[in-house]
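Contents: one structure, followed by commentary.
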């Protein structure tokens, strides 16, 4: 619809996840009217993220070095590994400041419909990390949905024979939520996982 | 939170309109995992839109030439000018294929709270276009909201004395909508603007 460059930008933006045609148009016009230097910085940030960022050779978290900040950090507890699906999950857990161990990013979850099996995930690399005697506990922190649960079940079956402590994050009512709005499965899990107050 | 380049990209994306921190993170990780060439194209589209696109010297629509495609088109009816707030509105009207005249993009609407008065809009340039005898009708197609109505009122007062036909887009029920869900003002306008069926 638009002339050359504007339409190209709208098309490129529209290919990004969660940006529909209307948003793409709004963002394109914002870019058009915004400060040139700011927009050059945005363009450079896109190119440089592709050039600079790679994945940690140990845990597969995003990193600008061969190993990530967390794996390099000598103050972290090396006896616990928290297994997550994505780098985003690492950041979500880091923000809570309630975990001081290491991570292992699987790179997704088992999803037969999308053709993702265990061999597409970094499970083999996790197993080789566990051959080291240092690790005493593996916390399975995959998403509490169908694919995440399938992945957790697979990990339990695969890691079980090694004889390391395997734990799973608690499911239950979200803090700040309303009991009446909780879905049946969550409420059921909250009952199963009830804790003694005495 | 993230290391260098990833965080920079999230920050830059988060400054775009309608993209919150979570969306910025999702888009950043998409960029990180997407094809390098695709992302280079996106970065180039951002830079090139700033370099190539300017505003039509006649109507202030976006254009890659000194005058836009519509102003250059000899088949358009030069006796009607449709006045809109933004280039986006030009495209919205073009999509309907129900108008074959020219446009005039004001570059916004009168908004005293945001400090935008008539002198910040391309009203003077509109007046000089009307000094030409060719134009017989001006359609005021500003948004049907407070600022758009204020702008329309101002235009009527300013252009009235020139003695050109001034019209305003009809307000009424949106096609495909439900009467019971229409707001009071829209429903009131629909009554005022009712048309004879006989």
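Chains as they are written, first to last, in UniProt numbering: chain A, 1 to 198; chain B, 1 to 198. Backbone N, C-alpha and C fix where the C-beta goes; we use that ideal spot for every residue, glycine too.
| Query | Result |
| --- | --- |
| Where in the segment 9-38 of chain A do unbroken runs of the beta strand (DSSP E), each at least 3 residues long, occur, reported from the N-terminal end onward? | none |
| Would you please verify whether the beta carbon of residue 47/B is less than 9 Å from any beta carbon of chain A? | yes |
| Give the list of continuous alpha helix (DSSP H) stretches no shorter than 4 residues that lie fully inside the segment 52-128 of chain B. | 69-72 and 87-96 |
| Counting only beta-carbon atoms, is residue 38/A nearer than 9 Å to chain B? | yes |
| Any beta-carbon of chain A closer than 9 Å to the one on residue 29/B? | yes |
| Does the segment 135-153 of chain A touch the segment 164-172 of chain A, meaning 3 or more C-beta pairs lie closer than 8 Å? | yes |
| Count the other C-beta atoms from every protein chain shown that fall within 10 angstroms of the C-beta of residue 67/A, then say buried if there are 16 or more, exposed otherwise. | exposed |
| Step through the CB atoms of chain A and report whether any lies within less than 9 Å of the CB of residue 25/B. | yes |
| Measuring CB to CB, does residue 24/A end up less than 9 Å from residue 53/B? | no |
| Taking all protein chains shown into account, decide if residue 188/A is buried (16 or more other Cβ within 10 angstroms of its Cβ) or exposed. | exposed |
| Just to confirm, are residue 131/B and residue 100/B a CB contact at a threshold of 9 Å? | no |
| Identify each residue in the segment 3-20 of chain B for which the Cβ-Cβ distance to at least one residue of chain A is less than 7 Å, and report them in chain order. | 3, 4, 5, 6, 8, 9, 12, 16, 17 and 18 |
| Whole angstroms is fine: what's the gap from residue 71/B's alpha carbon to residue 29/A's? | 20 Å |
| Spatial neighbours of residue 39/B within its chain, please: CB distance less than 6 Å, with the 5 preceding and 5 following residues excluded, ordered by chain position. | 31 |
| Thinking just about the alpha-carbon of each residue, which of 115/B, 109/B, 125/B and 21/B is nearest to the one in residue 146/B? | 109/B |
| According to DSSP, residue 137/B sits in a beta bridge with which residue or residues? | 80/B and 165/B |
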